[in-house]
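Participant: Right, I'll just put the structure down here and ask away after.
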RNA sequence: GUGAUUGUAGCUCAGUUGGUUAGAGCGCCUGGUUGUGGUCCAGGAAGUCGCGGGUUCGAAUCCCGUCUUUCACCCCA
């Protein structure tokens, strides 16, 4: 058990072998998939001006209001990014015309000061994409398809996609007014939080987990019904396009996504293996105004920590991706040790995974090590072999071994 | 931020109402005739009992504080 001084901060963790192998698998497959869709990688700084997040996520949202790591080292108040979209759009907005029609992805750590639990870290990691461009239901559908493809590429099964719409910006007020009016008669029956939410953030009443609130919400019209015909048609087109691609989604008007920048399509992907924190990915269409420029786009993010939990439930575990195979060199005597150092370098130069014991250990110990690292073959050299310029090559699976010259070994490697 | 919860060898965990040198399994190390792994057998190393304080003749065990884990709320990926 590590004592305190060796522990990372609360809610942060060191990611090491063997877990790291599933992380790398996910990253590699994500990069390959994004490449096939024509997305370029973008790495933005962890630190941004606080205003980047305030203006895009909304300065009344919990993420901005109470969960940010922010500080003021000089003139500007800074914050560590709590999500990837704001910084990405900050960057794209600066690229002018081409930034308004860009396809980028990121794989990066994010920071939120929350009470940690499994699948909710203070430093957590997301893979996400942003595709900027005017609202287009096909772009939204393609984004969801890409996200689904990403989960598939990892072997993540059993997730559910829930879809809804925020409508156009001009729908906001009618929705808020409509919901307030509809909830008015039930106000006293709502939970304490919801009575407050009616005025502060009426959308939050819709996804309240309180049973009696749920019953009331079931009786009133959904938010979508207060939106314009155009907004509803947009949603229908997204659903239609997804259906053509064979992607199953559930339209859930009660799905609420908190960040202010969302317009039109919003969605969330959940997995039953995750408990109450069951959302492992989300996404939506947005319009983010930075300065005079409003950047429209659509994007998604997937949380690594949560996706990994879901993957474990699917039987996808880190040790399946641990590096194995290669060659292990066994040295008997000082001369062999020196010669094997040279041979190892030659094999490694050919890209072969190659290991050896650098201390004088018994053959038994060296063989055990070879077995443990999963070597396919072992090359054994002692004084006799060095003198003759040969080595014993043992196949670990079969247990057979034969003598080869070093030239042969290097040639066949 | 609210209310709970966890912490004993590298890992998973035992440890009875406070009582000698804190245990197990797995892993690790060393042997089991000369230079041969995975199975088996024998032996061995390894623990500030999260940390700090207190109560007591005596604390892994009781009390307080603190850090950390997990769970729910909240929020979100």
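Residue numbers (our numbering): 92 to 504. Note that the Cβ used here is the ideal one computed from N, Cα and C, for glycine as well. Since the model is a prediction, treat every value here as computed from it, not as a measurement.
Is it a yes or a no for the segment 257-269 touching the segment 316-323, going by three-plus beta-carbon pairs under 8 Å?
Facilitator: Yes: at least three Cβ pairs fall under 8 Å.
Participant: Quick check on DSSP: helix, strand or coil for residue 347?
Facilitator: The residue you call residue 347 lines up with position 256 of the first chain. It is coil, neither helix nor strand.
Participant: Whose C-beta lies closer than 7 Å to the C-beta of residue 297 among residues of the same chain, with five residues either side of it excluded?
Facilitator: By 1-based counting over the first chain, the position of residue 297 is 206. Hits under 7 Å: 308, 314, 345, 347.
Participant: Using 8 Å as the threshold, is the C-beta distance between residue 280 and residue 244 below it?
Facilitator: Numbered from 1 along the first chain, position 189 holds the residue referred to as residue 280. Numbered from 1 along the first chain, position 153 holds the residue referred to as residue 244. Taking 8 Å as the Cβ cut-off, residue 280 and residue 244 do not qualify as a contacting pair.
Participant: Where does the unbroken alpha helix (DSSP H) through residue 179 begin, and where does it stop?
Facilitator: Taking the first residue of the first chain as 1, we reach residue 179 at position 88. Unbroken alpha helix (DSSP H) run through residue 179: 176-184.
Participant: Counting along the chain, where does the alpha helix (DSSP H) carrying residue 330 start and finish?
Facilitator: Within the first chain, numbered from 1, the residue matching residue 330 stands at position 239. Residue 330 -> alpha helix (DSSP H) spans 320-335.
Participant: With distance defined between alpha-carbon atoms, name the residue in 439, 334, 322, 352 nearest to residue 235.
Facilitator: Mapped onto the first chain, residue 235 falls at position 144. Considering only alpha carbons, the answer is 334.
Participant: For residue 288, which residues from the same chain have a beta carbon less than 7 Å from its beta carbon, with the 5 sequence-adjacent residues on both sides left out?
Facilitator: Here residue 288 is taken as the residue at index 197 of the first chain, counted from 1. Here the set comprises 295, 296.
Participant: Just confirm the distance between the C-beta atoms of residue 171 and residue 395, as a whole number of angstroms; I'd bet it's less than 8 Å.
Facilitator: For the purposes of this step, residue 171 is taken as residue 80 along the first chain, with counting starting at 1. For the purposes of this step, residue 395 is taken as residue 304 along the first chain, with counting starting at 1. Between residue 395 and residue 171 the Cβ distance is about 17 Å, and since that is not below 8 Å, they are no contact.
Participant: For the 8 Å Cβ check, are there 3 or more pairs between the segment 250-261 and the segment 409-419?
Facilitator: These segments do not touch.
Participant: Hey, could you find the ends of the beta strand (DSSP E) residue 447 is sitting in?
Facilitator: Residue numbering aside, residue 447 sits at position 356 when the first chain is read from its first letter. It spans 445-447 - the beta strand (DSSP E) in which residue 447 sits, taken as one unbroken run.
Participant: Once you ignore the five residues that flank residue 143 on each side, which residues in its own chain have a CB closer than 6 Å to its CB?
Facilitator: Along the first chain, read from residue 1 onward, the residue named residue 143 stands at position 52. Excluding positions up to five away in sequence, the list reads 177, 181.
Participant: Using the three-state DSSP reduction, which class does residue 389 fall into: helix, strand or coil?
Facilitator: Locating residue 389 in the first chain gives position 298, counting from the first residue. Residue 389: strand per DSSP, three-state reduction.
Participant: Which ranges does the alpha helix (DSSP H) cover as unbroken runs of at least 4 residues, wholly within the segment 141-168, from first to last along the chain?
Facilitator: Entirely contained in the segment 141-168, the alpha helix (DSSP H) runs reaching 4 residues are, in chain order, 141-148, 153-157.
Participant: Taking the straight line between their C-alpha atoms, what separation do you get for residue 442 and residue 500?
Facilitator: Taking the first chain and counting its residues from 1, one reaches residue 442 at position 351. Taking the first chain and counting its residues from 1, one reaches residue 500 at position 409. Spanning the two alpha carbons is a distance of roughly 14 Å.
Participant: So is residue 75 buried or exposed if we call it buried at 16+ other beta carbons inside 10 Å?
Facilitator: Lying before the first or after the last residue shown, residue 75 is absent from the chain, which here runs from 92 to 504.
Participant: Could you give the distance in angstroms between the alpha-carbon of residue 100 and the alpha-carbon of residue 203?
Facilitator: By 1-based counting over the first chain, the position of residue 100 is 9. By 1-based counting over the first chain, the position of residue 203 is 112. Cα to Cα, the separation comes out at about 13 Å.
Participant: Assuming residue 305 is part of the alpha helix (DSSP H), what are its boundary residues?
Facilitator: By 1-based counting over the first chain, the position of residue 305 is 214. 302-310 is the span of the alpha helix (DSSP H), which, as asked, contains residue 305.
Participant: The beta strand (DSSP E) with residue 457 in it runs from where to where?
Facilitator: Sequence index remark: in the first chain, residue 457 carries index 366 (1-based). First-last for residue 457: 454-463, but that is the alpha helix (DSSP H), not the beta strand (DSSP E).
Participant: Cα separation between residue 354 and residue 161?
Facilitator: Along the first chain, read from residue 1 onward, the residue named residue 354 stands at position 263. Along the first chain, read from residue 1 onward, the residue named residue 161 stands at position 70. The alpha-carbon atoms of residue 354 and residue 161 are separated by roughly 27 Å.
Participant: Given a cut-off of 8 Å on the beta-carbon distance, is the pair residue 252 and residue 111 in contact?
Facilitator: Along the first chain, read from residue 1 onward, the residue named residue 252 stands at position 161. Along the first chain, read from residue 1 onward, the residue named residue 111 stands at position 20. No.
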